[in-house]
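Protein chains: 2
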Amino acid sequence: MVLRRAKSGHGVMTTYTWPMKKVRGGFPVVIAVDRKAAKPLHRQIYDAFRASIVARSLNAGQQIPSSRALAAELGVSRIPVLNSYAQLLAEGYFETRKGTGTFVSSTLPDELVPVDSRSSHAGESPLGNRRISRRSALIPRVENPQWFRGRGPFSVGQLAFDHFPFHVWSSLVARHCRSVRASSLNYGDPMGFEEFREAIAAYLRTARAVRCEASQIMVVSGSQQALEISARALLDPGNRVWIEEPAYPLMRDALRVAGCQLVPVSVDAEGLNVAEGMRRSPKARAAYVTPSHQFPLGVTMSASRRLQLLKWAQSAQSWIVEDDYDSEYRYESMPIASLQGLDHCARVIYIGTFSKTLFPALRLGYLVIPSDLVERFAAVRRVMDIFPPHLYQAALTDFINEGHFSRHIRRTRLLYSERRRALVEAIGREFGSISELVGGEAGMHLVLKLPDWLRDVEISRRAADQQLWLWPLSPCYMGKESQQGFILGFASTPAAEMPRAVARLRSILASA
Amino acid sequence: MVLRRAKSGHGVMTTYTWPMKKVRGGFPVVIAVDRKAAKPLHRQIYDAFRASIVARSLNAGQQIPSSRALAAELGVSRIPVLNSYAQLLAEGYFETRKGTGTFVSSTLPDELVPVDSRSSHAGESPLGNRRISRRSALIPRVENPQWFRGRGPFSVGQLAFDHFPFHVWSSLVARHCRSVRASSLNYGDPMGFEEFREAIAAYLRTARAVRCEASQIMVVSGSQQALEISARALLDPGNRVWIEEPAYPLMRDALRVAGCQLVPVSVDAEGLNVAEGMRRSPKARAAYVTPSHQFPLGVTMSASRRLQLLKWAQSAQSWIVEDDYDSEYRYESMPIASLQGLDHCARVIYIGTFSKTLFPALRLGYLVIPSDLVERFAAVRRVMDIFPPHLYQAALTDFINEGHFSRHIRRTRLLYSERRRALVEAIGREFGSISELVGGEAGMHLVLKLPDWLRDVEISRRAADQQLWLWPLSPCYMGKESQQGFILGFASTPAAEMPRAVARLRSILASA
Chain A
1 MVLRRAKSGH GVMTTYTWPM KKVRGGFPVV IAVDRKAAKP LHRQIYDAFR
51 ASIVARSLNA GQQIPSSRAL AAELGVSRIP VLNSYAQLLA EGYFETRKGT
101 GTFVSSTLPD ELVPVDSRSS HAGESPLGNR RISRRSALIP RVENPQWFRG
151 RGPFSVGQLA FDHFPFHVWS SLVARHCRSV RASSLNYGDP MGFEEFREAI
201 AAYLRTARAV RCEASQIMVV SGSQQALEIS ARALLDPGNR VWIEEPAYPL
251 MRDALRVAGC QLVPVSVDAE GLNVAEGMRR SPKARAAYVT PSHQFPLGVT
301 MSASRRLQLL KWAQSAQSWI VEDDYDSEYR YESMPIASLQ GLDHCARVIY
351 IGTFSKTLFP ALRLGYLVIP SDLVERFAAV RRVMDIFPPH LYQAALTDFI
401 NEGHFSRHIR RTRLLYSERR RALVEAIGRE FGSISELVGG EAGMHLVLKL
451 PDWLRDVEIS RRAADQQLWL WPLSPCYMGK ESQQGFILGF ASTPAAEMPR
501 AVARLRSILA SA
Chain B
1001 MVLRRAKSGH GVMTTYTWPM KKVRGGFPVV IAVDRKAAKP LHRQIYDAFR
1051 ASIVARSLNA GQQIPSSRAL AAELGVSRIP VLNSYAQLLA EGYFETRKGT
1101 GTFVSSTLPD ELVPVDSRSS HAGESPLGNR RISRRSALIP RVENPQWFRG
1151 RGPFSVGQLA FDHFPFHVWS SLVARHCRSV RASSLNYGDP MGFEEFREAI
1201 AAYLRTARAV RCEASQIMVV SGSQQALEIS ARALLDPGNR VWIEEPAYPL
1251 MRDALRVAGC QLVPVSVDAE GLNVAEGMRR SPKARAAYVT PSHQFPLGVT
1301 MSASRRLQLL KWAQSAQSWI VEDDYDSEYR YESMPIASLQ GLDHCARVIY
1351 IGTFSKTLFP ALRLGYLVIP SDLVERFAAV RRVMDIFPPH LYQAALTDFI
1401 NEGHFSRHIR RTRLLYSERR RALVEAIGRE FGSISELVGG EAGMHLVLKL
1451 PDWLRDVEIS RRAADQQLWL WPLSPCYMGK ESQQGFILGF ASTPAAEMPR
1501 AVARLRSILA SA
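So the sequences go chain by chain: A and B. Per the working numbering, the very first residue in the first sequence carries number 1; after that it's consecutive. Per the working numbering, the very first residue in the second sequence carries number 1001; after that it's consecutive.
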């Protein structure tokens, strides 16, 4: 921090200038204090000495004026000088020698390499080689394309926040925030809060046909952390892993960072093509899938594919990671039972989240872990971030146990069903038979496929300028045979506004 | 789920038994419903069919009775039968063939490998090979030794929770929980909440002499996640990394999971022995250090070691990760300025946490990242868990900006100073000159060194049985030349209770 200069004649700033002959390079060393500055005097003196020592204007071993002499020169009391000297001694900038006084520490290294003296080769940072890890270099840039940020028609991951029972929720949070016990402040279990895990297990058994006990539930911050923990616990660099083609891009990134070799396996109307996976990589170490409502295409994996996948995992002794991110919402039939519930060999790791049923900033999700792997998963989690925060776990336990959660899902299921129908009808009217809509049986998005000669990414960019948020389909593919289209979220747009939004979509497409 | 058996004569349970000759293996297939069960009829029928199909009691391609025939047989209305058939069709267990009726899906795979038919070699799980990743196998078992869990004298990481201003805190949380905006519910920035980052940057500049802007602050869940993110962003498997000897065990684990080769560098009264590190691994890719208050020994790195370390990092083009976990608490002098603040080459990644100043279940900490690395760190974080939860960030922003945070630190510093003095005095009285206490100038723990013939782990186990929580020192060493001792936390024990706790410690040691 640069000290303020005293206005001439006011004399609030005083200095002590080092005798020139004692200073290296002939630069004068000035210890200056400003009695009107907000910074205390002892701190000003400390900072001035430290800066001169770090900059090597003062040499190792050089003598320091006595506190009395410096105080007199600066025109301040001796106390701040003594305080600053004590601090500089404590930190090892100064040393004292018996009877002879105070010196700059003699063990300080020679001059640091000055930043700007380094020869700057073309392209090299003046700060030298800034090597980062190869694995972090594999992650695509966080560009935050506009269609992720926008709020309004078709934005994916946006919910009907205005229908969330905030009154109930905030009173539960306030209740738990007031009734504080040491157990809710202290370090907690890497698996999460016991009562919350009980509530999740009961919910999953009933609503999702997951076979589990509370001891198998690990509370995490959402699907993404669950994917990460599973990858770390189960997979090593170089392991081959089946991934859906197309897939959720952040699922791919999690496996890439883990050093895995991705084997894209195509998705058709019955879900993941298991036979293709077995042809391409029969011994893959794991398959990462979204069987209830494939992301992004929205198809449901058929019974026969489910049983084929389980059979493969059993015979290849591989793992299946089932990401069941939005299956609470299903419109034409009962929710599809989980793949995990069909598995008799404990090969499935099941992932769910509250980001889609409640709200994303909650940061709560869960893993259901085969019993014999629980200890290792807990060890991985502990090293990653020790344990999840307590308050929201406690509030959500009550929210579930008091019936608010199932009521909220029932209500929003009706609401989203209506919004979805409005979207499907409007697209039928505006686009007619030339459009192909897929994946709307469940969840909060469906896919509008485009003819190959249209470029989805380009159109999405232009649409975002007009406040229409179209997540392009083609970047969800790893391979070159990508399909053009848009992933259209419908959860946050009221049914009455849908026709106008679809009309705007058509006019943007018409001009493409 | 097993259907409840009807009491004879009540007739609430009805069954449909498959003609034996049509069933494989001669096992009868029974579709049973219980009209008094809580489970809806359509769900009972669905579950019975699905179970028979998954167990292969029904063959692929086998014909299913018509809904009319099954309803008549079961004595129920046709509606639940139709509903269950629709669901089984939707999920792909059934298929229809035009004009001929409904069949078990013909594409179902052959029988699954039954779990128990697998030959069980000695030691092999009946579930087959349960391969986990090599890197997760490197993490020590989560044993949760008792001294981590206990609350009471000497427990490390325990704070004076009873002095935390809960009233203020919970009203801030409640305020933010009520005043909900979409931005506080939705997906957020991987770096954290902007206003919170501003508050942290301002605090760090003033209180810790960290040179930073808000744009360099990443909000994380605590020091552990910060260590993880830095390791992932900067280090690849096989990279050599300096680690303090002794060190914080979870810091070592984070680097092990990252696949790094640990180079233990001894710590003496001046902190990390930089010359030793340069001898042992001059080209190490990073050094992980706790310069303000070394964990566990509690020494402060001297000015000359700090400058040597920075000079080494500059010339070797390596990174320094500075974990400044508890430096807010310093008793005999001003807080020691951060190492980061001395660095002119942007080689230091700085880590801090609110777990020690507020409470651990808050799960909030931060990284200060060199500007040119911010984008890659954000990409790593996004893949790890997308972004941090919102509510506590918002509440803590107000807590800091309204002055509660600095007031709380001032108060607890006095409190901990008093508790520390009481501990040091009591140990002096009880143990006299035979004891060696180190590291009490700062933080919330100090170290009592033991003579080599005492075994700290064993004594800690026995002490835990008597509700005295002694974290043994020797497991903090990687190498064989470990020192026996105890890490004694003093933050949660009132000064008046300290003499009795120390007397108990002495009697436990006397019996060892």
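Note that beta-carbon positions come from the ideal geometry of N, C-alpha and C, so glycine has one too.
Look at the alpha carbon of L468/A and the alpha carbon of E332/A, and state the distance between them as a whole number of angstroms. 28 Å
Express the C-alpha separation of L41/A and G26/A in angstroms, rounding to a whole number. Its pLDDT being 48, under 50, G26/A is placed unreliably in this model, and the value from its coordinates should be taken loosely. Rounded to the nearest angstrom, the two C-alpha atoms are 27 Å apart.
According to DSSP, simplified to helix, strand and coil, what is I386/A? coil
Beta-carbon spacing of S513/A, A38/A below 8 Å: The structure shown has nothing for residue 513/A, since chain A only spans 1 to 512.
Please name the residue in S1077/B, Q1063/B, R1068/B whose C-alpha comes closest to that of G1101/B. Q1063/B
Only counting the same chain, and skipping five residues up and downstream in sequence, which positions put a Cβ closer than 6 Å to that of E1228/B? A1254
Give me, in chain order, the residues of the same chain whose beta-carbon lies closer than 8 Å to that of L307/A; leave out the 5 immediate sequence neighbours on both sides. Only L342 meet the Cβ criterion.
Name the residue from S1355/B, P1360/B, L1339/B, Q1393/B whose alpha carbon lies nearest to the alpha carbon of V1368/B. L1339/B
For W536/A, which of Y1093/B, R1130/B, F1405/B has the nearest alpha-carbon? No answer is possible for residue 536/A: the residues shown for chain A start at 1 and end at 512.
Between R506/A, G439/A, R252/A, which has its C-alpha nearest R462/A's C-alpha? R506/A
If we call anything under 8 Å between Cβ atoms a contact, is A514/A one with L1262/B? Coverage of chain A is limited to positions 1 through 512, which leaves residue 514/A absent and any answer about it impossible.
Strictly by DSSP, which residues pair up with D1268/B? G1271/B
Using a Cβ cut-off of 7 Å, which residues of the region 1056-1090 of chain B contact any Cβ in chain A, in chain order? A1086, Q1087, A1090
Counted within 10 angstroms of its Cβ, other Cβ atoms place P126/A as buried (16 or more) or exposed: By the neighbour-count rule (16 or more Cβ atoms within 10 Å), P126/A is not buried but exposed.
Hey, how far is the Cα of R279/A from the Cα of P140/A? 29 Å
Of the residues that make up the region 1358-1380 of chain B, which ones have a beta carbon closer than 9 Å to any beta carbon in chain A? L1358, F1359, P1360, A1361, L1362, R1363, L1364, P1370, D1372, L1373, E1375, R1376, F1377, A1378, A1379, V1380
When the Cα atoms are used, what is the spatial distance from V104/A to R1419/B? 35 Å
Take V1030/B as the anchor and find which of L1058/B, K1036/B, V1012/B, R1043/B has the nearest alpha-carbon. L1058/B
For a test of the three-state rule: what should DSSP assign to M13/A, helix, strand or coil? strand
First and last residue of the beta strand (DSSP E) that includes E1322/B? 1319-1323
Extent of the continuous beta strand (DSSP E) to which V1219/B belongs: Membership of V1219/B in the beta strand (DSSP E) is indicated by the continuous run 1217-1220.
Nonlocal neighbours in the same chain, by C-beta distance under 7 Å from G1443/B, ignoring five residues either side: Only H1293, G1298, D1326, Y1329 meet the Cβ criterion.
Between which two residues does the alpha helix (DSSP H) carrying V1054/B extend? Element bounds for V1054/B: 1041-1054.
For R97/A, the first and last residue of its enclosing beta strand (DSSP E): 94-97
Exposure label - D162/A; buried when at least 16 CB within 10 Å: The residue is exposed, with fewer than 16 neighbouring Cβ atoms inside 10 Å.
Going by CA-CA distance only, name the one from P475/A, F405/A, L473/A, S435/A that's closest to L172/A. For L172/A, the nearest C-alpha among the options comes from F405/A.
In whole angstroms, what is the alpha-carbon distance linking A1510/B and A1275/B? Taking the straight line joining both Cα atoms gives about 40 Å.
May I ask you to report which of helix, strand or coil DSSP gives E425/A? helix
How long is the line joining the alpha carbons of R197/A and I1508/B, rounded to whole angstroms? Straight through space, the alpha carbons of I1508/B and R197/A are spaced by roughly 39 Å.
Sequence-distant residues of its chain with Cβ nearer than 8 Å to E497/A (five each side left out): P153
Taking the beta carbon of E458/A as the centre, do at least 16 other beta carbons fall within 10 Å, making it buried, or is it exposed? exposed
Do E213/A and A201/A have their C-beta atoms closer together than 8 Å? yes
Is there contact here, the region 230-239 of chain A with the region 372-381 of chain A, by at least three beta-carbon pairs under 8 Å? Yes, the region 230-239 of chain A touches the region 372-381 of chain A.
With Y203/A as the anchor, note down where its alpha helix (DSSP H) starts and where it stops. 194-208
Element boundaries [alpha helix (DSSP H), containing Y366/A]: No alpha helix (DSSP H) contains Y366/A, which is instead part of the beta strand (DSSP E) from 365-368.
Of the residues that make up the region 159-187 of chain A, which ones have a beta carbon closer than 7 Å to any beta carbon in chain B? Residues passing the 7 Å Cβ filter: F161, F166, S170, V173, A174, C177, R178, V180, A182, S184, L185, N186, Y187.
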